[in-house]
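Residue numbers (the working numbering): 66 to 259.
Structure, as structure tokens:
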Amino acid sequence: MRLNAVVKSPLSISSIILTKPNQTAFTPNFNFNNNNNNNNNKSIVISNYRSFRRSSVVRMAVTPGSVQKPEEEWRAILSPEQFRILREKGTEYPGTGEYDKFFNKGVYSCAGCGTPLYKSTTKFNSGCGWPAFFEGLPGAINRNADPDGRRIEITCAACGGHLGHVFKGEGFPTPTNERHCVNSVSLKFAPASE
Numbered sequence: 066m067r068l069n070a071v072v073k074s075p076l077s078i079s080s081i082i083l084t085k086p087n088q089t090a091f092t093p094n095f096n097f098n099n100n101n102n103n104n105n106n107k108s109i110v111i112s113n114y115r116s117f118r119r120s121s122v123v124r125m126a127v128t129p130g131s132v133q134k135p136e137e138e139w140r141a142i143l144s145p146e147q148f149r150i151l152r153e154k155g156t157e158y159p160g161t162g163e164y165d166k167f168f169n170k171g172v173y174s175c176a177g178c179g180t181p182l183y184k185s186t187t188k189f190n191s192g193c194g195w196p197a198f199f200e201g202l203p204g205a206i207n208r209n210a211d212p213d214g215r216r217i218e219i220t221c222a223a224c225g226g227h228l229g230h231v232f233k234g235e236g237f238p239t240p241t242n243e244r245h246c247v248n249s250v251s252l253k254f255a256p257a258s259e
């Protein structure tokens, strides 16, 4: 099977869902090709489907440079706790994370794929028990409503790893009036070079 799609944005597609009526979902392979007719468009060739049965629809973030790995490979490269949080959408206990009360200068990246997510200048002490940021780096973080519709999940745009949740309107004195509540296990810190 082969499916061609034209992407209007040169940066990303937020998600692709491929299903059959009988709930067989497909994990496609993606190839990005330049479209010679228009420099702002990219075509995506989706081929080599692997199907599997699921009770829910599969959603995939697709961006140039995205990191898609099979579950077995994620298990091999992540610690059990990282796998539980990044791939299974777990949560670490409040106040236990390495970066909760950590305020050194540098960049926080995804612990799964290494994509830079947050600058230390956007981190603040919210007192919630998890690292809090008021904004991520442009294009680095996807937002999706939780199935119950009560919270907004944040994930790494490159690998889809679960970071935590974003909350709005809590009254913190930040420029965005948002709090990205992030699991420390989902992050790796790199100090700023001075």
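Each residue gets a CB set at the ideal place from its N, CA and C atoms; glycine is no exception.
Pair within 8 Å by beta-carbon distance, H230 and K154:
Their beta carbons are not under 8 Å apart, which means H230 does not touch K154 by this criterion.
- Task: Would you identify the three-state DSSP class for A141, choosing helix, strand or coil?
- Result: A141: helix per DSSP, three-state reduction.
_Tell me the rounded alpha-carbon separation between K184 and D213._
Distance between the alpha carbons of K184 and D213 is about 30 Å.
Work out the CA separation of S258 and Y158 for me, nearest whole Å.
Their Cα atoms are separated by approximately 31 Å.
Range of the contiguous beta strand (DSSP E) that encloses Y173: Residues G171 to C175.
Limits of the unbroken beta strand (DSSP E) element including E157:
From DSSP, E157 is part of no beta strand (DSSP E); its letter is neither H nor E.
**Message:** Output needed for S144: all residues of its chain with C-beta closer than 6 Å, excluding positions within five of it in sequence on either side, in chain order.
**Reply:** There are no such residues.
| task | Under 7 Å Cβ to Cβ from F198, same chain only, skipping five residues before and after it: list those, please. | result | Cβ-Cβ distances below 7 Å link F198 to Y183, T187, K188, H245 and V247 in the same chain, with the five nearest sequence neighbours on each side left out; the list follows chain order.
>> For R215 and A141, what's the separation of their Cα atoms in angstroms?
In response: Between the alpha carbons of R215 and A141 lies a gap of roughly 33 Å.
Quickly, what does DSSP pair K263 with across the bridge? List them, please. The requested residue 263 is not part of the displayed model; the chain covers only 66 to 259.
- Query: Below 8 Å between beta carbons: does that hold for A205 and P181?
  - Reply: Yes.
_Output needed for L151: all residues of its chain with C-beta closer than 7 Å, excluding positions within five of it in sequence on either side, in chain order._
Cβ within range, chain order: L143, A176, G177, G226, H227 and S251.
| query | Fully enclosed by the stretch 201-227, which beta strand (DSSP E) runs are 3 residues long or longer? | reply | You should have 206-210 and 217-221.
Legend entry - Inter-residue Cα distance where the pair is F237 and E243: If you draw a straight line from the Cα of F237 to the Cα of E243, it comes to about 8 Å.
**Report entry** With 16 other Cβ atoms within 10 Å as the buried cut-off, status of N169
**Finding:** N169 is exposed by the Cβ-count criterion.
Next on the checklist: Less than 6 Å between C-beta atoms, sequence neighbours within five positions excluded: which residues of the same chain meet that for A255?
Outcome noted: For A255, where only same-chain residues beyond five positions count, the Cβ hits under 6 Å are G171 and V172.
Alpha-carbon spacing of Q133 relative to A223, whole angstroms | Take the alpha-carbon of Q133 and the one of A223: they are about 8 Å apart.
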